Amino acid sequence: MLKLPPQPDNCELCERAVAKLTRHHLIPKHLHRKKRFQKLFTKEDLITRTLWVCRPCHNAIHKARSEYELGLYFNTREKLLELEELRTFVEWLSDKPEGFMPKFVRQK
Numbered sequence: 021m022l023k024l025p026p027q028p029d030n031c032e033l034c035e036r037a038v039a040k041l042t043r044h045h046l047i048p049k050h051l052h053r054k055k056r057f058q059k060l061f062t063k064e065d066l067i068t069r070t071l072w073v074c075r076p077c078h079n080a081i082h083k084a085r086s087e088y089e090l091g092l093y094f095n096t097r098e099k100l101l102e103l104e105e106l107r108t109f110v111e112w113l114s115d116k117p118e119g120f121m122p123k124f125v126r127q128k
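If you want this note's numbering, it's the position in the sequence shown, counting the first as 1, plus 20.
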């Protein structure tokens, strides 16, 4: 049985102390059955490559790129932070209080 990393006290992107974190699968679960991803990653990697993030960071990750791009190219914390829009958002969010929820503007 593979053991998932325990939930930390702080968001692994913005590093704020947040009571409720969500688990972001760096390789989205629905891609685990695709042959390309099975060839590129071990079963353990597919399951355990996760980040514990606050809801605003989680939303920003999924707004930044498609799930396919996230799984293929942005599948580590470091690679995610190479995305300028995500890095800028995380830096901006890092000094906000715990319960702060930014208002996202929907793209048309």
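Where a beta carbon is used, it is the ideal one built from N, C-alpha and C, also for glycine.
All values derive from a computational prediction rather than experimental measurement.
Item to complete: State the start and end residues of the unbroken alpha helix (DSSP H) segment that holds V110.
Response: Sequence index remark: in the sequence shown, residue 110 carries index 90 (1-based). That run of the alpha helix (DSSP H) goes E104 to L113.
Discussion item. Could you tell me the alpha carbon to alpha carbon distance between Y93 and P26, rounded to whole angstroms?
Written reply: Counting from 1 along the sequence shown, the entry for residue 93 is found at position 73. Counting from 1 along the sequence shown, the entry for residue 26 is found at position 6. Each residue's Cα considered, the two are about 25 Å apart.
Discussion item. Taking the alpha-carbon of K63 as reference, which of L71, C74, P48 and P76 has the nearest alpha-carbon?
Written reply: What you label residue 63 is simply residue 43 of the sequence shown in a count that begins at 1. Comparing Cα-Cα distances from K63 to each of L71, C74, P48 and P76, the minimum goes to P48.
Worksheet item: Under a Cβ-count criterion, where at least 16 other Cβ atoms within 10 Å of its own Cβ denotes burial, should G91 be classed as buried or exposed?
Response: Start at 1 with the first residue of the sequence shown, and residue 91 comes out as number 71. Under this definition G91 is a buried residue.
Worksheet entry | Per DSSP, the bridge partner or partners of T70 | As a first step, residue 70 is located in the sequence shown; it is residue number 50 there, counting from the start. T70 pairs with H45.
Discussion item. Distance check for Y88 and W112, CA to CA, integer angstroms please.
Written reply: Indexing the sequence shown from 1 puts residue 112 at position 92. Indexing the sequence shown from 1 puts residue 88 at position 68. The straight-line gap from Cα to Cα measures roughly 26 Å.
Worksheet item: What's the C-alpha gap between A39 and E104?
Response: Reading the sequence shown from its first residue, position 19 is the one you call residue 39. Reading the sequence shown from its first residue, position 84 is the one you call residue 104. A39 and E104: Cα-Cα distance of roughly 27 Å.
Discussion item. Using only the alpha-carbon positions, how far apart do K116 and P76 sit?
Written reply: In the sequence shown, counting from the first residue as 1, residue 116 sits at position 96. In the sequence shown, counting from the first residue as 1, residue 76 sits at position 56. Looking at the two C-alpha atoms, the distance is approximately 11 Å.
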